[in-house]
Each structure stands twice: as C-alpha cells, then as structure tokens.
Amino acid sequence: MVKKLLVLGIESSCDETGVALVACEAASGSPEVPRLLAHALYSQIEMHQAFGGVVPELASRDHIRRVLPLAQEVLDGAHCTLQDIDVVAYTRGPGLAGALLVGAGVACALGAALARPVLGVHHLEGHLLSPFLSADPPQFPFVALLVSGGHTQLMRVDGVGRYALLGESIDDAAGEAFDKSAKLMGLDYPGGPLLARMAEEGNPKAYALPRPLLHSGNLDFSFAGLKTAVLVQSQKMVAAGGVNQFEALPRVQQCDLAASTQAAIVDVLVKKSMTALKETGLTRLVVAGGVGANRHLRAELNAACAKRQIRVHYPELHLCTDNGAMIALAAGMRLQSGQQEASMAYAFDVKPRWPLDTL
Ligand code: KG4
Ligand code: ZN
46 MVKKLLVLGI
56 ESSCDETGVA
66 LVACEAASGS
76 PEVPRLLAHA
86 LYSQIEMHQA
96 FGGVVPELAS
106 RDHIRRVLPL
116 AQEVLDGAHC
126 TLQDIDVVAY
136 TRGPGLAGAL
146 LVGAGVACAL
156 GAALARPVLG
166 VHHLEGHLLS
176 PFLSADPPQF
186 PFVALLVSGG
196 HTQLMRVDGV
206 GRYALLGESI
216 DDAAGEAFDK
226 SAKLMGLDYP
236 GGPLLARMAE
246 EGNPKAYALP
256 RPLLHSGNLD
266 FSFAGLKTAV
276 LVQSQKMVAA
286 GGVNQFEALP
296 RVQQCDLAAS
306 TQAAIVDVLV
316 KKSMTALKET
326 GLTRLVVAGG
336 VGANRHLRAE
346 LNAACAKRQI
356 RVHYPELHLC
366 TDNGAMIALA
376 AGMRLQSGQQ
386 EASMAYAFDV
396 KPRWPLDTL
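Per the numbering used here, numbering through the sequence shown is continuous, rising by one, with the last residue being 404.
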C-alpha cells in the first residue's frame, strides 16, 4: 500500500483563519490528487466591518486566538491526533506581515514540537490549485484567471510550480473594484458579495460604465477608473433624485448601478480570459480567488467557454475565498511533484510581497 502523508495547512494571510488536513500520496510523481479530510474556518469580517476594512493589528491578534482551537477542530473532524500529522504547511505570503507571522510561527512551533517538517506556501498558488479539490478537477496545462481582493492575474500554468504571468491589473484588483464600488453605494465591507446580490435584481445595461483596457491589445487590467465612474454616476443619481445619499434612492436604481458595475468588471475579465486562451492555444481555463464565487462571472465565462469548446474549472464555492484547505493542498501537490521539500530548520520568514511567477 502507498504511504499517505497527512498535511496540516494553516492560512492566516488576511482576515480569515483557516486550518485543514489533507491526505496525499507520499510517492513523488504520484498522479493522485490530495484528498481533503477536514477543514475549519473563522472569518474576522464582522470585527473589521466597524472600521470599513481590515485593520492589520486586529487581524494578527485574532489569528492568535483562533488558530489552535481551529486546528483541534480539524483534527477531531478527521479523527486524528497531533501525532498523525506528517507535514505542517503555512501561508508564507503574500499578505499582511503580522497576520502571516502568526500562521508561520504556529506552524514552525508545531513542527518543532512534533519533530515534523514544515513548508511555506504561496497564497496565490493555493487559490490557483484549489479547483483540484473539486468534483471536476482540471488537468495541466491551463490558463488561470486569479481574481481576489488583492490580485487580478492571468497565468499560463504548465504544472505545479510552472507559472508564467500573461497579464495583471496595473492598479486595483477585481475584488477591490467590487469592494470600493460597493462602499460608494453604502454597503458594508467587504461589499463584493453584497453588490453582487443587488446586481441580480438590476439591469446591467442601465448605466454605461467604462471597460478599462478592454481593447488595449495586451492582457493587463485596470479597474481604478471604474470606481471613479461609479462615484460620478452615483453623484448624478443622488442629485437627480433630490436625495442626500445613494442609499436613499429607490432600490431599483441602486440595483441598476450595482448590475452595471458588475457587468463592467465581468465583461473585462471574460474578454481578457478568452484572449489569453486564444493566444496560448490552451483549451482549459481555471478560475480561482474570491471573485470566482461571483455568479454572473461564472455564467458569462461558462457561456463564452462553451462557444469555444473550452473546459472551465472552478473551486467549490466554499473554497473560493481564503481557506486552509488550499494551503494544505498546494503543499501536498508541491511535495508530490518534487518541487519542494519540507524543512526541519524551523527558521521562518514571511513574504508580504511575493510575485507568483518567481516561485
Ligand atoms: O481570495 P479572497 O478571499 O481574498 C484575497 O486573497 O484577497 O477574495 C476576497 C475578495 C473580496 O474583494 C470580496 O469582495 C470578493 O473576493 N468576493 C466577491 C464575491 N465573493 C467574494 N466579489 C464579487 N462577487 C462575489 N460573489
Ligand atoms: Zn486569497
């Protein structure tokens, strides 16, 4: 029987503490995808909402409070003990320095106490590989559209650790465009999912908003101008409506602006993804990161891909946003592919800024 490795993964790069346990085959080069045994997540969103965004110091302190109880919950859920863990993985970056240090410190302390190796994982590699835990896992090579709160990137992915950047946002990320537009509409942080919910009731053609860099001829994105256009449009609507704030407008108008904003973001993401597939000649698309949960984006990508006989893969909805499962998975896949060995050194550093294509 092939020996299984149990990998504990810890995610703490931003405002979610995630812990998970995956089982993977120890043999290097094994084609079997690691299997998720249990995962647990604590979202700090409520705590940060009062401040309209993530407060880094509060995030770090809360990760300290949550991480060990979550680890215990995961071990209990998988009917395992600490002694069963073979490798401890953590998010090494990119992210908030203090928050990353909590996960890294706990992982290395656990590793040292159990005499088990540890492995630092790239957060975006976790997102990018997360569809491998879905019921319909992809196969290499593929184009990846990474759309999170901090990043918007198109990558060519030829295998684990073989990532070539095709294009990225030169300013705001897609998630940021959702969140900043939502804030202008009076929605709580993070407004992306709330704006998406309002958009379902609205008319996406109600207001003409810019599609930045749509015809730029390259695969880069720019979303900063969209937020300004949303601001100008909302101010016009407030003035025309004779009210003192956007939230006082009739709901149908609010939903129309939400739908128009979402359509502008989604149009650009879909168009550039199709261009990336055409330019690379690849026939698979993988979508990952928090914005990958957006239903309109999924529907539009599905339609565009169906027309071109492209297979499109997503993570399970609950694994789109930050979680520990993707970190344990990425660690397991790196070990299996022989890309990296876990270390018994327990000296750690974190990388708040860390381009994925330098891995
Ligand atoms: O990947 P993620 O959890 O964290 C980062 O690594 O940044 O992504 C969070 C981002 C936030 O900007 C959030 O508003 C956005 O993903 N998001 C959505 C939806 N769900 C999450 N944006 C639009 N529609 C959604 N349904
Ligand atoms: Zn993320």
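Using N, Cα and C, we set each Cβ at its ideal position, and we do this for glycine too.
Source: prediction; values computed, not measured.
Within 10 angstroms of its Cβ, does residue i collect 16 or more other Cβ (buried), or is it exposed?
i       : result
Ala-180 : exposed
Glu-102 : exposed
Lys-250 : exposed
Leu-50  : buried
Leu-362 : exposed
Val-277 : exposed
Ile-355 : buried
Gly-204 : exposed
Arg-379 : buried
Met-389 : exposed
Ala-116 : buried
Start and end of the beta strand (DSSP E) containing residue i?
i       : result
Ile-215 : Ile-215 -> no beta strand (DSSP E), and no H or E assigned at all.
Ile-372 : It is not in any beta strand (DSSP E) - Ile-372 instead sits in the alpha helix (DSSP H) that spans 370 to 382.
Asp-203 : 197 to 204
Gly-165 : 163 to 167
Ala-83  : 80 to 88
Gly-122 : Segment 101 to 122 is the alpha helix (DSSP H) holding Gly-122; no beta strand (DSSP E) there.
Gly-138 : 132 to 138
Ala-293 : First-last for Ala-293: undefined, no H or E at that position.
Arg-398 : Run containing Arg-398: none; DSSP gives neither H nor E here.
Val-332 : 329 to 333
Ala-189 : 187 to 192
His-358 : 356 to 358
Could you please give the first and the last residue of the uninterrupted alpha helix (DSSP H) stretch that includes residue i?
i       : result
Val-311 : 296 to 325
Val-283 : 269 to 286
His-341 : 340 to 352
Ala-241 : 237 to 244
What residues match up with residue i in a beta bridge as DSSP calls it?
i       : result
Cys-59  : Its beta-bridge partners do not exist; DSSP assigns none.
Glu-70  : Lys-49
Leu-159 : Paired residues: none, contrary to the question.
Leu-210 : Met-200
Measure the Cβ-Cβ separation of residue i and residue j and say whether it is below 8 Å.
i       : j       : result
Ile-372 : Glu-61  : no
Leu-159 : Leu-127 : yes
Ala-219 : His-341 : no
Cys-125 : Leu-66  : yes
Val-357 : Val-332 : yes
Ala-244 : Ala-303 : yes
Tyr-208 : Leu-401 : yes
Ala-134 : Val-166 : yes
Ala-154 : Glu-118 : no
Consider the C-beta atom of residue i and the heavy atoms of the ligand MN; say whether any pair is separated by less than 7 Å.
i       : result
Ser-305 : The ligand MN is not part of this structure, which contains only the ligand KG4 and the ligand ZN.
So the candidates are the options; which of them puts its Cα closest to the Cα of residue i?
i       : options                            : result
Ala-253 : Val-275, Gly-369, Gln-198, Gly-236 : Val-275
Ser-318 : Gly-143, Pro-162, Phe-187, Leu-145 : Phe-187
Thr-306 : Pro-162, Lys-396, Glu-170, Arg-256 : Arg-256
Gly-262 : Ala-321, Gly-383, Phe-291          : Ala-321
Glu-70  : Ala-351, Asp-217, Tyr-87, Val-52   : Val-52
Arg-161 : Ala-152, Val-100, Val-288          : Ala-152
Ala-338 : Phe-185, Thr-366, Phe-393, Ile-130 : Thr-366
Ala-349 : Leu-164, Leu-146, Thr-328, Glu-118 : Thr-328
Ala-376 : Asp-131, Gly-97, Asn-289, Leu-330  : Asp-131
Phe-393 : Pro-79, Thr-403, Ala-142, Arg-106  : Ala-142
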